[in-house]
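*Asks:* The following block contains the structure, expressed as structure tokens.
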Amino acid sequence: MDSPHIANTQVSSNTPNCLSVALLLERGIACFQREHYAEGMALLTLADELLTPEWMHLTGLLTMLRCEYAKHFHLQQTLQEVSARFIEVQTELEANIAAFSALSSRLLTETLSKQIQPVPREVDSLQVQESVEDDSANPTLYAVCFGPFELRYQGVPLALCSNRNGQAILRYLVAQPDHRATADTLMALLWPDDTTEVALRKLYVTVSILRRSLQKGCDLPDKYILHKQGVYQLNPVVLLHSDVEEFLALYNTGRKLSGEAAVYYYEKACSLYTRPFLIEDLYADWSFTRREQLRQIRLSMCSALASHYLEVGSYEIAARWAAAGIEENRCDEAAYRQLMHIYALAGRRNEALRQYQLCQQALLDELHLQPMPETVALYEAIIQGKFNR
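For the sequence shown, our numbering assigns the number 4 to the initial residue and increments by one for each residue that follows.
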């Protein structure tokens with residue numbers, strides 16, 4: 004009589020446990036389907052510990068699942084290690100390529116400069132214009148980086164991509180020595196707050212828009228921007244030159260020369276520098292070092308040109324070049340001294356003294372400093388009329 008009652012009591016007492024196991028199994032499988040493997044495995048392990056005799060047929064399946072999960076986890080760890088190593092090697096390779104590219108460009112510049120004969124200052128402007136036209140006839144792209152960014156194909160400006168991020172990608176690729184960048188770099192620059200998945204989708208769409216914009220009105224290759232193994236690169240089939248390359252080539256040629264020949268090349272170089280390097284990216288960290296390097300080169304040429312014209316007695320032109328240096332760097336104390344020197348020699352004593360006051364104010368405002376002793380000495384010499392050449 005008691006047997007049925009006992010059996011019913013056992014079933015009733017096991018029912019909550021069976022329900023818990025079922026819920027754990029269901030939740031564990033759901034985690035696996037969402038690829039939350041660690042959480043899912045923890046739930047299934049707990050379910051395995053609670054299995055009652057009537058559920059023991061699931062033990063073999065759970066054991067097999069744990070073995071497969073262990074294999075998956077091991078392979079995932081290996082893949083992450085390989086990916087990290089790949090990124091490390093890729094970064095080293097890019098650095099080596101950039102260094103080699105810079106070296107080869109320098110060697111090419113030096114080789115060309117040895118072959119170039121100094122052009123006389125009386126060079127005919129029509130001949131210069133014809134030379135430019137001949138260069139623009141070549142099937143190449145020309146990038147203007149000093150001032151508003153512009154890309155020209157066979158001398159004709161291309162309509163830039165309407166997407167701002169597309170323009171930013173193009174400028175970044177143009178500015179790199181090897182004209183390439185990893186997808187991770189571009190995503191970090193443009194979408195630093197987005198998840199990788201979202202940023203990658205935005206990158207694909209933006210590059211697609213950029214590619215289409217480059218095809219309008221010209222016969223550039225369909226794949227002008229290449230993408231391979233997570234790296235974007237301008238197609239090397241299309242030659243790319245820039246005003247920055249010209250600027251540096253003219254500067255490097257001029258500093259190997261002297262007198263009128265050096266002046267010619269320096270003035271040509273400075274004529275290209277109409278505005279700072281890539282003003283659209285003025286506040287971007289990646290462009291700062293390059294912009295500062297180019298700015299310092301221009302300052303050195305302005306100083307050299309001012310010194311040359313001061314030496315030959317062309318005070319007005321000398322003053323113009325010294326003032327150009329101050330315009331580039333408001334705290335360039337050497338340029339202020341140079342301009343004071345020029346004005347004093349030209350008999351413009353009040354203007355010379357005015358430059359000292361401007362220098363003093365600029366240093367105080369920007370750097371909280373006073374002029375150096377040599378600047379003060381020059382100022383006092385001009386006041387006392389003891390200034391000499």
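In this text, a Cβ means the ideal position worked out from N, Cα and C, and glycines have one as well.
#1: My understanding is that Q236 touches H182, with C-beta atoms under 8 Å, so please give their C-beta distance in whole angstroms.
#2: Just tell me which of A347, Y312 and I300 has its CA closest to the CA of N332.
#3: Tell me which same chain residues have a C-beta within less than 7 Å of the C-beta of C334, skipping the five on either side of it?
#4: Among I282, N255, S290 and D284, which one has its Cα closest to the Cα of E270?
#5: Whole angstroms are fine: how far does the CA of G233 sit from the CA of L308?
#6: So I228 packs on R214, CB below 8 Å; how close in whole Å?
#7: What number of angstroms, rounded off, separates the C-alpha of Q36 from the C-alpha of A45?
#8: Alpha carbon to alpha carbon, how far is L251 from E263? Give it in angstroms, no decimals.
#9: Do you know offhand how far L206's Cα is from E42's?
#10: Please list the segments of the beta strand (DSSP E) lying wholly inside the stretch 169-196, counting only runs of 3 or more residues, in order along the chain.
#11: Count the other CB atoms, across all protein chains shown, that sit within 10 Å of the CB of S23; report buried if there are 16 or more and exposed otherwise.
#12: Spatial neighbours of V177 within its chain, please: C-beta separation below 6 Å, excluding the five flanking residues on both sides.
#13: Just verifying my parser: in three-state terms, what is the DSSP assignment at Q236?
#14: In this structure, how does DSSP classify F152 when only helix, strand and coil are distinguished?
#15: Counting pairs of Cβ atoms below 8 Å between the stretch 312-323 and the stretch 286-296, do you hit three or more?
#16: Give the DSSP bridge partners of A326, in chain order.
#17: Would you check if the distance between the CB atom of A349 and the CB atom of Y382 is smaller than 7 Å?
#18: Residue range of the alpha helix (DSSP H) that V247 falls in?
#19: Skipping 5 residues on each side, what residues in its chain have a beta carbon closer than 8 Å to that of F291?
#20: Starting from H230, trace the beta strand (DSSP E) both ways and give me its first and last residue.
#21: Inspect the beta-carbon positions of Q358 and L342 and report whether they are closer than 7 Å.
#22: Compare the beta carbon distance of L193 and N166 with 7 Å and say whether it is the shorter of the two.
#23: From Q387 to V379, what does the alpha carbon distance come to, in whole angstroms?
#24: Verify whether the separation of the beta carbon atoms of R174 and L281 is less than 7 Å.
#25: Which one of P151, D197 and N238 has the shortest CA to CA distance from A184?
#26: Determine, using beta carbons only, whether L49 and L68 come nearer to each other than 7 Å.
#27: Taking 7 Å as the cut-off, decide whether the C-beta atoms of M190 and A202 are in contact.
#28: Going by C-alpha distance, which of A327, C148 and A322 is nearest A355?
#29: For my contact list, L253 and A272 are in at a C-beta cut-off of 8 Å; report their separation, rounded to the angstrom.
#30: Alpha carbons only, please: which of Y72, L47, A338 and L242 is nearest the one belonging to Y156?
#31: How many Å lie between S128 and Q360 at the Cα?
#32: Candidates H77, E248 and K74: which alpha carbon is nearest Y276's?
#33: Consult DSSP for P160 and reduce its assignment to one of helix, strand or coil.
#34: Taking the C-alpha atoms as reference points, what is the distance between A73 and H39?
#35: In this structure, how does DSSP classify V266 when only helix, strand and coil are distinguished?
#36: Where I212 and P376 are concerned, what is the direct C-alpha to C-alpha distance, given to the nearest angstrom?
*Replies:* In short, the structure shows the following:
#1: Taking the first residue of the sequence shown as 1, we reach residue 236 at position 233. Taking the first residue of the sequence shown as 1, we reach residue 182 at position 179. Indeed they touch by this definition, with Cβ atoms about 6 Å apart.
#2: Taking the first residue of the sequence shown as 1, we reach residue 332 at position 329. It is I300.
#3: For the purposes of this step, residue 334 is taken as the residue at position 331 of the sequence shown. Contacts found: A365, L366, E369 and L370.
#4: Taking the sequence shown and counting its residues from 1, one reaches residue 270 at position 267. Per the Cα distances, N255.
#5: In the sequence shown, the residue the question calls residue 308 occupies position 305. In the sequence shown, the residue the question calls residue 233 occupies position 230. C-alpha separation (whole angstroms): 46 Å.
#6: In the sequence shown, residue 228 corresponds to position 225, counting from 1. In the sequence shown, residue 214 corresponds to position 211, counting from 1. At roughly 6 Å, the Cβ-Cβ gap stays under 8 Å, so I228 and R214 are in contact.
#7: Your numbering for residue 36 matches position 33 in the sequence shown. Your numbering for residue 45 matches position 42 in the sequence shown. Approximately 14 Å, taken between the alpha carbons.
#8: Taking the sequence shown and counting its residues from 1, the one referred to as residue 263 is at position 260. Taking the sequence shown and counting its residues from 1, the one referred to as residue 251 is at position 248. So the two alpha carbons sit approximately 19 Å from each other.
#9: Position 203 of the sequence shown, counted from the first residue, corresponds to residue 206. Position 39 of the sequence shown, counted from the first residue, corresponds to residue 42. Answer to the nearest angstrom: the Cα atoms are 32 Å apart.
#10: 183-185
#11: The residue labelled residue 23 in the question sits at position 20 within the sequence shown. Exposed, since its Cβ has fewer than 16 Cβ neighbours within 10 Å.
#12: Residue mapping note: residue 177 aligns to position 174 of the sequence shown, counting from 1. The residues are A146.
#13: The sequence position of residue 236 within the sequence shown is 233, counting from 1. Of the three classes helix, strand and coil, the one that applies to Q236 here is strand, per DSSP.
#14: Along the sequence shown, read from residue 1 onward, the residue named residue 152 stands at position 149. Of the three classes helix, strand and coil, the one that applies to F152 here is coil, per DSSP.
#15: no
#16: The count along the sequence shown starts at 1 and reaches residue 326 at position 323. In DSSP, A326 forms no bridge with anything.
#17: In the sequence shown, the residue the question calls residue 349 occupies position 346. In the sequence shown, the residue the question calls residue 382 occupies position 379. Taking 7 Å as the Cβ cut-off, A349 and Y382 do not qualify as a contacting pair.
#18: Here residue 247 refers to the residue found at position 244 of the sequence shown. Residues D246 to G257.
#19: Locating residue 291 in the sequence shown gives position 288, counting from the first residue. Result list for F291: empty, nothing under 8 Å.
#20: Indexing the sequence shown from 1 puts residue 230 at position 227. Where H230 is concerned, the enclosing beta strand (DSSP E) stretches over I228 to K231.
#21: Here the question's residue 358 lines up with position 355 in the sequence shown. Here the question's residue 342 lines up with position 339 in the sequence shown. In contact: Q358 and L342 (Cβ atoms closer than 7 Å).
#22: As a first step, residue 193 must be located in the sequence shown, where it is residue number 190. As a first step, residue 166 must be located in the sequence shown, where it is residue number 163. It is not a contact, given that the beta carbons lie outside the stated cut-off.
#23: Within the sequence shown, numbered from 1, the residue matching residue 387 stands at position 384. Within the sequence shown, numbered from 1, the residue matching residue 379 stands at position 376. If I take the Cα positions, the gap works out to 12 Å.
#24: Taking the sequence shown and counting its residues from 1, the one referred to as residue 174 is at position 171. Taking the sequence shown and counting its residues from 1, the one referred to as residue 281 is at position 278. Result yes, Cβ atoms of R174 and L281 sit closer than 7 Å.
#25: Taking the first residue of the sequence shown as position 1, residue 184 is located at position 181. Per the Cα distances, N238.
#26: Residue mapping note: residue 49 aligns to position 46 of the sequence shown, counting from 1. Residue mapping note: residue 68 aligns to position 65 of the sequence shown, counting from 1. Result no, Cβ atoms of L49 and L68 do not sit closer than 7 Å.
#27: Counting from one through the sequence shown, the residue named residue 190 turns up at place 187. Counting from one through the sequence shown, the residue named residue 202 turns up at place 199. The answer is yes: Cβ separation under 7 Å.
#28: Reading the sequence shown from its first residue, position 352 is the one you call residue 355. When only C-alpha atoms are compared, the closest one is A322.
#29: Mapped onto the sequence shown, residue 253 falls at position 250. Mapped onto the sequence shown, residue 272 falls at position 269. Yes, L253 and A272 are in contact; Cβ-Cβ is about 4 Å, under 8 Å.
#30: Along the sequence shown, one-based indexing puts residue 156 at 153. Checked all of Y72, L47, A338 and L242; the closest Cα to Y156 is L242.
#31: Along the sequence shown, one-based indexing puts residue 128 at 125. Along the sequence shown, one-based indexing puts residue 360 at 357. Only weak support is given to the placement of S128: the predicted model assigns it a pLDDT of 36, under 50, and the question is left unresolved by the model.
#32: In the sequence shown, the residue the question calls residue 276 occupies position 273. Comparing Cα positions, the closest option is E248.
#33: Against the sequence shown, residue 160 aligns to sequence position 157. Reduced to three states, the DSSP call for P160 is strand.
#34: Position 70 of the sequence shown, counted from the first residue, corresponds to residue 73. Position 36 of the sequence shown, counted from the first residue, corresponds to residue 39. Going by the C-alpha atoms only, they are around 14 Å apart.
#35: Your numbering for residue 266 matches position 263 in the sequence shown. In this structure, V266 counts as helix in the three-state DSSP scheme.
#36: Translated into the one-based positions of the sequence shown, residue 212 becomes position 209. Translated into the one-based positions of the sequence shown, residue 376 becomes position 373. Cα to Cα, I212 sits roughly 58 Å from P376.
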